[in-house]
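Q: My structure is below; once you've seen it, I'll send some questions.
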Amino acid sequence: MFERFTERARKVVVLAQDEARHFNHNYIGTEHLLLGLLREDEGVAAQALYSLNVVLDEVREQVESIVGYGEEGTGAQAPFTPRSKKVLELALREALQLGHNYIGTEHILLGLVRESEGVAARVLSNLEVDPDKVRREVVRRLGGGRSRSRGGGEAGGGRGVEAKRPKTKQLDQYGRNLTSYAEEDKLDPVIGRSQEIARIMQILVRRTKNNPVIIGEPGVGKTAIVEGLAEEIADGKVPEILGDKEVYTLDLGALVAGSKYRGEFEERLKKIMKEITDHGDIILFIDEIHNLVGAGAAEGAIDAASILKPALARGEIQVIGATTTDEYR
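Numbering (our numbering), first residue to last: 2 to 330.
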């Protein structure tokens, strides 16, 4: 695993060992990894923690209060505790989920907040640091977090670019631009879904297998997660790769309705797909995505799923789906 570590991540491990020696501990725990992340000072993890007002001296005080100093140190290289090993395994998992072939300080921090037990978790809890906020801050910083203000947009991330892009006549007719709605404050705030929104972002920024499906019972707030994503994009709190994306929700019922003749539905859907590929920065949200199978398939025609599959396989379009547990099975 350590061969995948970046230079800064390796430095964090060395500094964690140093912190263990400082406290006369004969092990490297999650608290030492947290101290190592802060002492490294320059990586994504350190910057994310600093932005959330987590500073080295306060963390040291918390560790001293919770664990205290050990007996005289052995001088030998301290081993990792089972919990800190789990954190490093979670860091690898986070890196793979993000499509990264390396483990950086950001992945170690994400592993720490995923491991909800241990001294590091207690330290962050005592400092009133929300793990969801840590995760969102890391995800934002991974892409540089291109700034965008609601209703306008600053240079480099504003909406002035839209005028030069191809029009989306069909999409506007059969869907809604949730990002524009968010910029105009037409969406309600999304509370308590930070982790799910961050997970959606993690999947969307992958190079491949980047079409997430939200699964849940009716009424639990699947659509709200996508609206929350649109809010984050409008506020510029997303990785750079998502900074110029627009989230459209497609009304499949309206798309099928009125298509009386064979081939009319396919023609509508193909026009929408062409608009998406020409635009280049559209994420399509399809609620009740299981209805795609068989949708519009009159005698001798093909259904919507068969039309979408090739474009999805080639990576020409990006889709977020939502469905219930029963339908997913």
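Idealized CB from N, CA, C, for every residue including glycine.
How big is the Cα-Cα spacing for Leu91 and Thr106?
A: 12 Å
Q: Does the count of Cβ pairs from the segment 234–252 and the segment 177–188 closer than 8 Å reach three?
A: These segments touch.
Q: Within 10 angstroms of the Cβ of Asp19, are there 16 or more other Cβ atoms? Answer buried if so, exposed if not.
A: Counting Cβ neighbours within 10 Å, Asp19 comes out exposed, since fewer than 16 surround it.
Q: Give the secondary structure of Thr1 by DSSP, where H, G and I count as helix, E and B as strand, and everything else as coil.
A: Residue 1 falls outside the range modelled here, since the chain spans only 2 to 330, and no answer is possible.
Q: What did DSSP end up calling Asn178 once you bin it into helix, strand or coil?
A: strand
Q: What would DSSP say about Ala319, mapped onto helix, strand or coil?
A: In the sequence on display, residue 319 carries Gln and not Ala. In the three-state scheme derived from DSSP, where H, G and I count as helix and E and B as strand, Gln319 is classed as strand.
Q: Around the Cβ of Gln171, are there at least 16 other Cβ atoms within 10 angstroms (buried) or fewer (exposed)?
A: Looking at its Cβ environment, which holds 16 or more other Cβ atoms inside 10 Å, Gln171 is buried.
Q: For Phe6, collect the residues of the same chain with a Cβ closer than 6 Å to its Cβ; drop the 5 residues on either side in sequence, then sort them by chain order.
A: Correct list, in chain order: Ile104.
Q: Does the Cβ of Arg9 have 16 or more other Cβ atoms within 10 Å, making it buried, or fewer, making it exposed?
A: By the 10 Å Cβ count, Arg9 comes out buried.
Q: Classify Ile273 as helix, strand or coil using the three-state DSSP reduction.
A: In the three-state reduction of the DSSP assignment, Ile273 falls in the helix class, which pools H, G and I.
Q: Quick one: grab the DSSP three-state call for Val248.
A: strand
Q: Mind reading off the beta-carbon distance from Lys96 to Leu34? Whole number of angstroms is fine, and I expect it under 8 Å.
A: Residue identity differs from the one stated: residue 96 is Ala in this sequence, not Lys. Not confirmed; about 15 Å, so no contact.
Q: Return helix, strand or coil for Leu285, following the three-state DSSP convention.
A: strand
Q: Cβ of Ser52 within 7 Å of Cβ of Asp133?
A: With respect to the 7 Å criterion, Ser52 and Asp133 are not classified as neighbours on the basis of their beta carbons.
Q: For Phe81, collect the residues of the same chain with a Cβ closer than 6 Å to its Cβ; drop the 5 residues on either side in sequence, then sort them by chain order.
A: Ile29
Q: Where does the unbroken alpha helix (DSSP H) through Ile201 begin, and where does it stop?
A: Ser195 to Leu205
Q: Compute the Euclidean distance between the alpha carbons of Val55 and Gly254, then round it to the nearest angstrom.
A: Gly254 has its alpha-carbon roughly 49 Å from the corresponding atom of Val55.
Q: Near Ser150, which residues of its chain fall below 6 Å by C-beta distance, leaving aside the five closest residues on each side in sequence?
A: Low confidence applies to Ser150: its pLDDT is 39, below 50, so where it sits in the model is not reliable, and the reading given next is rough at best. None.
Q: Any idea what DSSP makes of Val68, helix, strand or coil?
A: coil
Q: Ala17: buried (16+ other C-beta within 10 angstroms of its C-beta) or exposed?
A: buried
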